[in-house]
Amino acid sequence: MEISNEVLSLLGTDIDRRWNIEAPLGTSVVVTYSFPAEQNAYDTDERPGFAGFTESHIAHIEQALTTWGDASGIDFVRVPEKIGGDIQMAMFDMTGNLNSVGNQVSGWGYYPQYRYAEFVDGEWLLENTHHNMGGDIFMNANFYQADANSMAPGIRGYSILIHEIGHAIGLKHPFEREPVIDDAYDSGIYTVMSYDRSRSTTTLGTLDIEATQLVYGTADLQARWVGKYKAVEQSGTNSGEWLLGRDINDIVIAKGGNDVIRTKEGNDRIYDGFGNDTVDAGAGKDFVFAGAGKDSFDGGDGVDTLSYETARGVMVNLATGATGRGAKGDSVTGFEKLEGSDKGKDKLTGTEGKNTLKGNGGNDKLFGLGGRDLLDGGNGADRLFGGAGHDKLIGGAGKDRMSGDRGKDKLEGGSGADIFVFAPGFGKDVILDFEDDKDTIDLTGFGFDTVEEALTRANQNGDDVVIKFPARTVLTVRDTTLEALADDLIV
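Sequential numbering of the sequence shown, starting at 1, is according to the UniProt record's numbering.
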């Protein structure tokens, strides 16, 4: 696609100052904004007379943001001051600061936060180019603090404001740095980024609209701030698209089409939709709800959860990334927690690290492997295998069979007639909720000839029964007696 010199005079030839830098040109994006009352800690420059905007000022600012948003695929969302937006706006005394034509500066805006830095292992790494100042806008308190109407539409302050927002979303002065605009187009008729524009400018020029739509497209993502979760929620469309999170908590709701979903820092909730989607959850404690289709899931850094609760039974191995049944065709990496379906038969396998596996509904099989794991079968007749490490196994409702395996494990059967398996080399396990004449303990691995032989290794220790086997293998059964256990052992 050929791009005119006039459009490039606003964007630069690389077009790399944009909030959707990790996505193709034309990708719609959510951009957050906020209004700090005090100078941010990351802002180390001197800002004499720093001041926040009043709600009267903010009403004019939001009108200007809406002008840019309506012309493009940018959805501006206000977030609380304590959260901090991509764009943060305030005032300070700019006395002594002159612009390129020698006049006192009325305001300025920084370009967006990130640019691509280098290509490593098949992936571009982002660079913070403005020390967290990217996107921030400052207006001259000398001109605009006393009277909010000095920034009202039709007044020069509004023209300055709409110009600085242009910088904050990635537009440059068309007359500075190559390529430069042809003199015939260097006016407010074509772009608010020109210095040759009316003091009463309230609308964008034709080049502004063309440039922002080239970069950000036109799609409306339907975004809002959700105070309950301290997160920005955005919903996609039924077409395949890119959905980009911010550096805070995100709720991303994909719909139809083959989508690419990428979030950054923050504890995110991602609802994968229909289609063959690619999900990169980034840093933070993220929760991903798997949808239909052949999807690729990467939890990224942090302790992340992948849930298949809406599927009809899945097989997922976190150690190998192997998938099957309702998850067939999916690629899984970077998750520490895994949840199965609400109704189907699941087979969930962890890693050698610390995992949480939840079967939810159905007759499930859970394998912890190594690490300090939590296995929760949920409803149904489940089979739980702790593997190496100090694990906790919870059977939940239904007739469950659980084996702590090696390590110091805690076993809780829940409701139902449960079977607790204990064998040579298991370590020191504790059964927390044994129910007499309902639950049973399987000791067949020790080769006892009779129950009486097994009980010779058992002792009453207060309210508990402790059974000691060779090689420091010990089973403790809480809140029971030797007499009660006599008819509940399988040898």
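By construction, the Cβ of each residue, glycine as well, lies at the ideal position given by its N, Cα and C atoms.
| query | result |
| --- | --- |
| Whether S341 touches R312 by CB criterion (8 Å) | yes |
| A223 vs V232 beta-carbon contact at 8 Å | yes |
| Cβ pair I137, I87 closer than 8 Å | yes |
| Segment contact flag, the stretch 11-21 with the stretch 48-64, C-beta cutoff 8 Å, min 3 pairs | no |
| V260 and D272 closer than 8 Å at C-beta | no |
| CA nearest to the CA of G416, picked from G378, F422, L125 and R47 | G378 |
| Residues near K343 by beta carbon distance below 7 Å, same chain, minus five either side | R312, G361 and G362 |
| Through-space distance from N142 to D93, alpha-carbon basis | 6 Å |
| Cβ pair D364, G380 closer than 8 Å | yes |
| Proximity of R406 and I419 at Cβ, strictly below 8 Å | no |
| Through-space distance from A283 to D121, alpha-carbon basis | 18 Å |
| Cα-Cα separation between S307 and E339, rounded to whole angstroms | 5 Å |
| Span separating the alpha-carbon of M133 from that of E309 | 41 Å |
| Alpha carbon of V7 to alpha carbon of A281, nearest angstrom | 34 Å |
| Alpha carbon of G324 to alpha carbon of S235, nearest angstrom | 28 Å |
| Burial state of T305, where buried means 16 or more other Cβ atoms lie within 10 Å | buried |
| R199 burial status per 10 Å Cβ neighbour count (16 or more: buried) | exposed |
| I162 and A64 closer than 8 Å at C-beta | yes |
| Spatially closest choice to K408 from I160, K399, I394 and R372, by CA coordinates | R372 |
| Inter-residue Cα distance where the pair is S187 and I181 | 10 Å |
| Residue range of the beta strand (DSSP E) that includes T13 | First-last for T13: undefined, no H or E at that position. |
| Helix, strand or coil at D70 according to DSSP, with G and I counted as helix | helix |
| Residue range of the beta strand (DSSP E) that includes N461 | A458 to N461 |
| Inter-residue spacing [alpha-carbon to alpha-carbon] between V465 and R478 | 7 Å |
| Own chain residues within Cβ distance below 7 Å of L482, not counting five before or after | L455, A458, Q460 and V465 |
| Reference residue 492; option with closest CA among Q113, L411 and K264 | The requested residue 492 is not part of the displayed model; the chain covers only 1 to 491. |
| Distance between Y185 and T129 (C-alpha atoms, nearest Å) | 30 Å |
| Where D391 falls, given that 16 or more other Cβ within 10 Å makes a residue buried | buried |
| Beta-carbon proximity list for R47, same chain, < 7 Å, skipping 5 on both sides | Q39 and F92 |
| Short Cβ contact (8 Å threshold) for G85 with T32 | yes |
| Identity of the residue in S159, L204 and A211 nearest E2 by Cα | A211 |
| CB contact flag (L318, N355, <8 Å) | yes |
| Under 8 Å between C-beta atoms of D488 and D433 | no |
| Environment of H20 [buried if 16+ CB atoms lie within 10 Å] | Here the sequence assigns Asn to residue 20, which means His is not the residue at that position. Its Cβ being crowded by 16 or more others within 10 Å, N20 is buried. |
| With 16 other Cβ atoms within 10 Å as the buried cut-off, status of A146 | exposed |
| Sequence-distant residues of the same chain with beta carbon closer than 7 Å to A397, five excluded per side | N379, G414, S415 and G416 |
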